[in-house]
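Have a look at the structure below, then the notes.
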Amino acid sequence: MLLGGPWGRCSPGRCAFLLVLALLLDALGLVLLLLGIFALLDYWDFLVYSGSLIMAFSLLFWIIWYSLNIRLPLEKLDL
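First residue of the sequence shown: 1, per full-length UniProt numbering; consecutive thereafter.
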């Protein structure tokens with residue numbers, strides 16, 4: 001029981017919009033990256049670089065989503 005929650009429960013947390021945005025950016029970046037690698041196109045380098053940048057940009061949304069879902073009891077804040 002990591003972090004005190006039951007193993008069988010899965011929820012997107014308080015910021016579901018950020019989670020969906022991060023997942024969409026990951027999917028779009030992966031599609032562009034793989035298209036640039038495996039398709040025989042003249043502009044393959046644009047697809048590889050833009051896919052990589054989109055996936056790197058999605059990390060920002062993953063970090064924000066994770067940070068906003070951290071729950072800390074008031075007793076541990078030492079106010």
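We put the CB at the ideal spot given by N, CA and C, even for glycine.
So, with DSSP's three-state summary, where would you put L72?
coil
Could you compute how far the alpha carbon of A16 sits from the alpha carbon of G29?
20 angstroms
Once the 5 residues before and after L19 are set aside, which same chain residues still bring their CB inside 6 angstroms of it?
P12, W65
Beta-carbon proximity of I54 to L25, cut-off 8 angstroms
yes
Go through its chain and collect everything with a Cβ distance to R14's Cβ below 8 angstroms, but skip five positions before and after it.
L68, N69
So, helix, strand or coil for L40, using DSSP?
coil
Can you give the Cα-Cα distance for G36 and L72, rounded to whole angstroms?
43 angstroms
CB-CB under 7 angstroms to F57, same chain, minus the five flanking residues each way: which ones, in chain order?
L25
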